[in-house]
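S.K.: The structure is given below, and queries will be raised subsequently.
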Amino acid sequence: MVTCTQKGKEDMSEEELTVRPDSRISGFYKKSLEERMQTLLERGVITREDAALLTQRKGGLPLETADKMVENLVGILDLPLGLGLNFMVNGKDYVVPMAIEEPSVVAAVSHIAKLTRSSGGFESFYEANVMIGQIQVVGLDDLEAAKKSVLAHKQELIDMANAFEPNMVARGGGARDIEVRLLDQGKYQKMLVVHLLIDCCDAMGANLINTMAEGIAPKIEELTGGQVFLRILSNLADRRLVKSRCKIPFEDLAWKNFSGREVAEGIQLASQFAELDPYRATTHNKGIMNGISAVCIATGNDWRALEAGAHAYCCRDGQYRPMATWWIEDDAYLVGELCVPMQIGVVGGPIKLHPTVQLVHRILGIKTAAELAEVMGAVGLAQNMAAVKALATTGIQRGHMSLHARSVAATAGATREELDTLVDLLIADGEIKIERAKVLLAEMRA
Ligand code: MEV
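Counting the sequence shown from 1 gives a position; this note's numbering is that position plus 1146.
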């Protein structure tokens, strides 16, 4: 019924497996912006025009295009775009652009992606591109009879829905199945809800789902004798799940003065806290979405849809649960698994309008929604591990402070040669402020 568009490592050509740029770029964060561009050019990650777009902002989203995207346009809001490095997902290297205002997130995922490499990186599996279109029917006396009638005409409804989106059908997608749910809850009006299951291929699919749902509504009224009310996609995309996993030996986990076993046990305990407590699960998941949403935004996808679906899915058994969990296996490995609904696409929407978003897709080198979802799942898992690893060992403020100190030191005017020393001085001093950095820099120079 549901098709799976997953492409496994074994299906890849030799070229796909070997030609991709290595996602490891040592000391990237220490380089100047110009040096970073130079490195990316040398590695074939970007072109000269791409570098001009990124650093001189030549060729970004034109105001005229933005004016067609939203109403009452007055300008364009920028976000920092960083590169998540070291990612290996299903045996392939990925340089992962992330749009986010929060410091530490990009560094944190890159650090964990590096740590997972010697144990094979991340495995990710995307179930299918199937979304649900909902059609609400009210004014029914006999819900069971209406349900029977809809199900008896399943194929006719599927064919009818597909006739509204022949291009999607030609691309191998389209309506696949019909399900019917009955909502009969005492004081509320009785309702029948038709779910139209649609394979959206490489599109997020919102528009086509809504078109199909609206398109078959009159037939649903005819079949049920009721009145159709709402016709809209559901963002609870529980047929579009990505599952990501990593398995890291204790010896790769040693950190500062913590042994690998201590780190693994700490992460396991942090995971159990999130599994038991919705208050903790919410923050645990916020960290995961730091990674996933940053890629979602950079790739021009609808992060509100993704966030809504991801959090709703976490409540599927009645309690808000973590999107990713960690445990120790064979007294030697830390295993992490994430499962999140991933309603994203690689075609349509801002992807075809926004030059920087297009560049992001070129850097990722991804052609299918399945592959993008698989990378995003890995980023979410990496982000989670980074957060719980820090929380279970040194606490997060220490790492945050050194990154913050770096940006304060740079803003105070430190040269590349002076940067590391000034960062150390600022951290030792405890007052990480630009004015203080200027004083310390002057003292250093004197
Ligand atoms: C901060 O943006 C995210 C964290 O709070 C996530 C977590 O607590 O797991 C560090």
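Just so it is clear, CB atoms sit at the ideal spot from N, CA and C, and this is done for glycine as well.
Do K1389 and L1303 have their C-beta atoms closer together than 8 Å?
M.R.: The sequence position of residue 1389 within the sequence shown is 243, counting from 1. The sequence position of residue 1303 within the sequence shown is 157, counting from 1. No, Cβ-Cβ distance for K1389 and L1303 is not below 8 Å.
S.K.: By Cβ distance, which residues of its chain are closer than 7 Å to A1532, with the 5 residues on each side in sequence left out?
M.R.: Numbered from 1 along the sequence shown, position 386 holds the residue referred to as residue 1532. Result list for A1532: A1254, V1255, H1257 and I1258, in chain order.
S.K.: Check each residue's C-beta against every heavy atom of the ligand MEV and list, in chain order, those closer than 7 Å.
M.R.: Here the list is E1248, T1429, H1430, K1432, G1433, N1436, N1530, A1533, V1534, L1537 and I1542.
S.K.: Going by the CB atoms, is the gap between L1537 and A1133 shorter than 8 Å?
M.R.: This structure cannot settle anything about residue 1133, because the visible part of the chain is limited to 1147 through 1592.
S.K.: Suppose contacts are defined by Cβ-Cβ distances below 8 Å. Is L1338 in contact with V1283 by that definition?
M.R.: For the purposes of this step, residue 1338 is taken as the residue at position 192 of the sequence shown. For the purposes of this step, residue 1283 is taken as the residue at position 137 of the sequence shown. Yes, these two residues count as a Cβ contact at 8 Å.
S.K.: Where does Y1466 fall in DSSP's three states?
M.R.: Your numbering for residue 1466 matches position 320 in the sequence shown. Coil, per DSSP.
S.K.: For I1355, which three-state DSSP category applies?
M.R.: To locate residue 1355, count along the sequence shown from 1; it is residue 209. Three-state DSSP puts I1355 in a helix.
S.K.: DSSP three-state label for Y1334, please.
M.R.: Taking the sequence shown and counting its residues from 1, one reaches residue 1334 at position 188. In this structure, Y1334 counts as coil in the three-state DSSP scheme.
S.K.: Quick check on M1350: does DSSP put it in helix, strand or coil?
M.R.: For the purposes of this step, residue 1350 is identified with residue 204 of the sequence shown, where counting begins at 1. Coil at M1350, not helix or strand.
S.K.: What is the residue span of the beta strand (DSSP E) that Y1272 lies within?
M.R.: One-based indexing of the sequence shown puts residue 1272 at position 126. Here the beta strand (DSSP E) through Y1272 covers E1269 to Y1272.
S.K.: Can you grab the Cα-Cα spacing for the pair E1411 / L1484, in whole Å?
M.R.: What you label residue 1411 is simply residue 265 of the sequence shown in a count that begins at 1. What you label residue 1484 is simply residue 338 of the sequence shown in a count that begins at 1. For E1411 and L1484, the distance between alpha carbons rounds to 18 Å.
S.K.: In chain order, which continuous runs of the beta strand (DSSP E) of length 3 or greater are located wholly inside the segment 1170-1258?
M.R.: Counting whole runs of 3 or more residues, the segment 1170-1258 contains the beta strand (DSSP E) stretches 1227-1235 and 1238-1245.
S.K.: Here's the rule: buried if 16 or more other CB atoms are within 10 angstroms of the residue's CB, otherwise exposed. What is C1461?
M.R.: Counted from its first residue, the sequence shown places residue 1461 at position 315. It counts as exposed.
S.K.: Quick one: Cα of H1430 to Cα of H1299, how far?
M.R.: Here residue 1430 corresponds to residue number 284 of the sequence shown, with the count starting at 1. Here residue 1299 corresponds to residue number 153 of the sequence shown, with the count starting at 1. Roughly 45 Å between the two C-alpha positions.
S.K.: Using DSSP with H/G/I as helix, E/B as strand and the rest coil, what is S1405?
M.R.: Stepping through the sequence shown from its first residue, residue 1405 is reached at position 259. It is coil, neither helix nor strand.
S.K.: DSSP three-state label for M1488, please.
M.R.: As a working mapping, residue 1488 is identified with position 342 in the sequence shown. Residue state, collapsed to three classes: coil.
S.K.: Measuring straight from C-alpha to C-alpha, what distance separates R1189 and A1444?
M.R.: The residue you call residue 1189 lines up with position 43 of the sequence shown. The residue you call residue 1444 lines up with position 298 of the sequence shown. Rounded to whole angstroms, R1189 to A1444 spans 21 Å at the Cα level.
S.K.: Mind reading off the beta-carbon distance from L1572 to L1586? Whole number of angstroms is fine, and I expect it under 8 Å.
M.R.: Within the sequence shown, residue 1572 is the residue found at index 426, counting from 1. Within the sequence shown, residue 1586 is the residue found at index 440, counting from 1. With a Cβ gap of about 7 Å, L1572 and L1586 count as contacting.
S.K.: Quick one: what's K1294 bridged to in DSSP?
M.R.: Indexing the sequence shown from 1 puts residue 1294 at position 148. DSSP lists no partner for K1294.
S.K.: Is the segment 1375-1385 touching the segment 1451-1466 in the sense that three or more CB pairs, one from each, lie closer than 8 Å?
M.R.: Yes, they touch.
S.K.: Candidates V1481, I1222 and S1250: which alpha carbon is nearest Q1543's?
M.R.: On the sequence shown, residue 1543 is found 397 positions in, with the first residue counted as 1. It is S1250 whose Cα lies nearest to the Cα of Q1543.
S.K.: Do M1215 and L1505 have their C-beta atoms within less than 8 Å of each other?
M.R.: Reading the sequence shown from its first residue, position 69 is the one you call residue 1215. Reading the sequence shown from its first residue, position 359 is the one you call residue 1505. No, the Cβ-Cβ distance between M1215 and L1505 is not below 8 Å.
S.K.: Let me know the alpha helix (DSSP H) ranges lying completely inside the segment 1517-1567, each 4 residues or longer, listed in chain order.
M.R.: Runs of the alpha helix (DSSP H) inside the segment 1517-1567: 1542-1557.
S.K.: Considering only the alpha carbon of each residue, which of I1490, I1278, E1577 and Q1414 lies closest to F1396?
M.R.: Against the sequence shown, residue 1396 aligns to sequence position 250. Out of I1490, I1278, E1577 and Q1414, Q1414 has the C-alpha closest to the C-alpha of F1396.
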